[in-house]
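Enquirer: Can you keep this structure in mind? I'll have questions shortly.
In my numbering, the protein residues as written are 74 to 261.
Set out below in structure tokens:
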């Protein structure tokens, strides 16, 4: 999952051109979910090779609180937190998220308290694996009692937006000019 996140973490493309430390993207958007909420991690595989994954947090606020105490301290020496975030540096922003995950708190938590991240290698796209992953996650979240799940995607990533609509998600109201939010009610 870590490797796939690094290979696809820039709107489906590798993060190497935009990050000095490519592992940061997986430290924020993949790895903590395996530690903190492994029951909400699903992979697509073929012939023993992992082709993609979806991860989620059942209760976003609780998840980020646990992250602060159980995940972020692992990086105190290797990726220390900085006091200031350089808005023009993706590395700086990811490092801030790594140590202060509440910076990522989305709106709409009353109706959509769960959130997810999905990444697929190019060869797995448009073959149904993504929809299968999403629907497996939706079922698991509903069984766990979540009333709804949401995610954010760049405004420019229209391919992903079409995919989210195809899985049944709807665009949510947002004032953010760089990100579009999608949500899906799960219970009731």
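Think of the CB as a built atom: it goes at the ideal place given N, C-alpha and C, for glycine as much as any other residue.
What whole-angstrom Cβ distance do residue 77 and residue 192 have, given they're in contact under 8 Å?
Expert: Counting from one through the chain shown, the residue named residue 77 turns up at place 4. Counting from one through the chain shown, the residue named residue 192 turns up at place 119. Indeed, because the Cβ distance is near 5 Å, the residues count as touching under 8 Å.
Enquirer: Leaving aside the five residues before and after residue 296 along the sequence, list all residues of the same chain whose C-beta is less than 7 Å from its C-beta, in chain order.
Expert: Nothing can be reported for residue 296: it is not among the residues displayed for the chain, which extend from 74 to 261.
Enquirer: What did DSSP end up calling residue 203 once you bin it into helix, strand or coil?
Expert: Numbered from its first residue, the chain shown carries residue 203 at position 130. Helix at residue 203.
Enquirer: Short check: CB of residue 223 to CB of residue 256, under 8 Å?
Expert: For this step, residue 223 is matched to residue 150 along the chain shown. For this step, residue 256 is matched to residue 183 along the chain shown. Contact: yes.
Enquirer: Does DSSP put residue 262 in a helix, in a strand, or in coil?
Expert: Absent from the model: residue 262. The displayed extent of the chain is 74 to 261, so no value can be given.
Enquirer: Going along the chain, which residues of its own chain have a beta-carbon closer than 7 Å to the beta-carbon of residue 215, five neighbours each way excluded?
Expert: To locate residue 215, count along the chain shown from 1; it is residue 142. Correct list, in chain order: 259, 260.
Enquirer: Check whether the Cβ atoms of residue 152 and residue 175 sit closer than 8 Å, and answer yes or no.
Expert: As a working note, residue 152 is residue 79 in the chain shown. As a working note, residue 175 is residue 102 in the chain shown. Taking 8 Å as the Cβ cut-off, residue 152 and residue 175 do not qualify as a contacting pair.
Enquirer: Work out the CA separation of residue 129 and residue 79 for me, nearest whole Å.
Expert: Reading the chain shown from its first residue, position 6 is the one you call residue 79. Reading the chain shown from its first residue, position 56 is the one you call residue 129. One C-alpha to the other measures close to 18 Å.
Enquirer: Could you say which of 182, 218, 238 lies nearest to residue 226 if we only look at CA atoms?
Expert: Position 153 of the chain shown, counting from 1, holds the residue named residue 226. The shortest C-alpha separation from residue 226 is found at 238.
Enquirer: Quick check on the burial criterion: 16 or more other C-beta atoms within 10 angstroms. Buried or exposed for residue 89?
Expert: One-based indexing of the chain shown puts residue 89 at position 16. With fewer than 16 Cβ atoms within 10 Å of its Cβ, residue 89 is classed as exposed.
Enquirer: Examine the ligand ADP and report whether any of its heavy atoms sits within less than 7 Å of the Cβ of residue 237.
Expert: This structure lacks the ligand ADP; in fact it carries no ligand of any kind.
Enquirer: For residue 188 and residue 179, I'd like the C-alpha separation in whole angstroms.
Expert: As a position in the chain shown, residue 188 is number 115, starting the count at 1. As a position in the chain shown, residue 179 is number 106, starting the count at 1. Those two C-alpha atoms are separated by around 9 Å.
Enquirer: Which residues in the same chain as residue 93 place their Cβ atom closer than 8 Å to its Cβ, once the five residues preceding and following it in sequence are excluded?
Expert: Here residue 93 refers to the residue found at position 20 of the chain shown. The residues are 164.
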